[in-house]
Structures are given as C-alpha cells and as structure tokens.
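Chemist: Taking the UniProt record's numbering as reference, the numbering of the sequence shown is continuous, increasing by one, and the terminal residue is 186.
Below you will find the structure I want to go over with you.
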Amino acid sequence: MKTQSINKPINMQAGFTLVELIIVIVILGILAVTAAPRFLNLQGDANASTLEGLQGSIRSGMNIVNGKSIIASNHKKATATVTVDTGDAVATVYGYPAATEAAFEAFLDVDFADGSADADGTADTVDSKDFNIDATTTAGTAVIYPNSYVAGDNCRIEYTQAADANDGTPPVSVTPPTVTLITSGC
C-alpha cells in the first residue's frame, strides 16, 4: 500500500495569466484616455489663472490711483494725472486710470510687448513679454491678453475707463471703470 506524505508541497503556479495582464492594460488605457484631457490643457489653465491675478492687480491699482486722485482733487476732472509710488505719472479719466498703454505701464509697473525699445535699447517682442495690450481699437477700452493669443480671442481682460454718466452736464456723475475677465477661450 502506498501512502502519500502530508508534508509534500502542492504544486501551485504563481503569477498572472496573459488574459489578466491584457485586462489590466485595457483598464489602464481607458483611464489614461479619460484622464489625459484634464492634464493636456495646462497652458490654457495657466493663462486663465495669470489673467485672474492680473485682474486683481488692475482692480487694486485703479483703486490706489483713484485714492490719489481724490486726495489731489482730480477725481471729477475729465483728464488729469497723478503720481504713483513708482514715481510715474498716471493719466486719469475722472480719477481712474485712462485706458492707455502708458497709464497701465505706470500704475501696474509693467512693460507690455509693443515693439518699443526697452531700457537696454532692444525692441521688445511678443515673446519677450507675458502680456500684450491693445488700447487703440476702441477708444476708452484697453484689451490685455497673453502673448500667445490675439486681442479678439476669448482669453483677455477688457478695461473700460471711467466716464461721466451725465455726459458733461453738471454735476459730474462718475461711472467707475469696468474690468471684465474673459477666460472661456484660454
């Protein structure tokens, strides 16, 4: 009579079958296809976030300019200038910054890409600056946009300068400027 030892190891195979490996690869592929679009548009998200930060800077800066205009009693004048902490004069319209490149460069302390010479004498280009500004298309409106876009894209800030709600009829009633953030196309 033959007896089998109880202590004899049972031969078990360790590892995964080819079918199991293929299933795991397919699941990982499906996850990659569904998750990848969330991470592919990082540049657009970065531009939108940068514009949001710039919008906050514009709002803060225009309030500082307005405060300085009130102190100088220029806040009811159609055009005037105030000097900000950088030592630059900011052109104002009814106490708020004018919608011009020079005014924005003064109160934001930035240099927009416009082809003009920088301090080192070289002309700046679109790629050398983070933002461009278009203050010539519509009078009283400045459009600020990232350097990888154009003014008409839906990735911009539109600043409409202050105006007299009474259209020059006394008393002056100032309509504050508007700062509109558009990021649907970033």
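Even for Gly, the Cβ is constructed at its ideal location relative to N, Cα and C.
Go ahead and label D45 buried or exposed: buried means 16 or more other beta carbons lie within 10 angstroms of its beta carbon, across all protein chains shown.
Modeler: D45 is exposed by the Cβ-count criterion.
Chemist: Would you call R156 buried or exposed, if buried means 16 or more other Cβ atoms sit within 10 Å of its Cβ?
Modeler: buried
Chemist: Under DSSP, the alpha helix (DSSP H) around V65 begins and ends at which residues?
Modeler: 42 to 71
Chemist: What residue does the alpha helix (DSSP H) around F16 start on, and which one ends it?
Modeler: That residue, F16, is in no alpha helix (DSSP H); it is neither H nor E in DSSP.
Chemist: Relative to the C-alpha of Q161, which candidate in I30, T79, A35 has its C-alpha closest?
Modeler: Out of I30, T79, A35, T79 has the C-alpha closest to the C-alpha of Q161.
Chemist: What does the Cβ neighbour count give for T125, buried or exposed, with the cut at 16 atoms within 10 Å?
Modeler: Here T125 scores only 48 on pLDDT, less than 50, and its place in the model is too uncertain to base an answer on.
Chemist: Smallest Cα separation from A142: which of P97, N63, N66?
Modeler: P97
Chemist: Name the residue from G95, P177, A99, T138 whose alpha carbon lies nearest to the alpha carbon of H75.
Modeler: G95
Chemist: Here's the rule: buried if 16 or more other CB atoms are within 10 angstroms of the residue's CB, otherwise exposed. What is D167?
Modeler: exposed
Chemist: Can you give the Cα-Cα distance for S173 and N154, rounded to whole angstroms?
Modeler: 32 Å
Chemist: Considering only the alpha carbon of each residue, which of A91, T183, D130, A103 lies closest to A113?
Modeler: D130
Chemist: Between A99 and A36, what straight-line distance do the alpha-carbon atoms span, to the nearest angstrom?
Modeler: 40 Å
Chemist: Quick check: what's the CA-CA separation for L181 versus I71?
Modeler: 29 Å
Chemist: Under the rule that 16 or more other beta-carbon atoms within 10 Å means buried, what is A91, buried or exposed?
Modeler: buried
Chemist: Are T86 and A102 close, meaning C-beta to C-beta below 8 Å?
Modeler: no
Chemist: Which class does V33 belong to by DSSP, given the choice of helix, strand or coil?
Modeler: helix
Chemist: Roughly how many whole angstroms lie between the Cα atoms of V110 and E158?
Modeler: 17 Å
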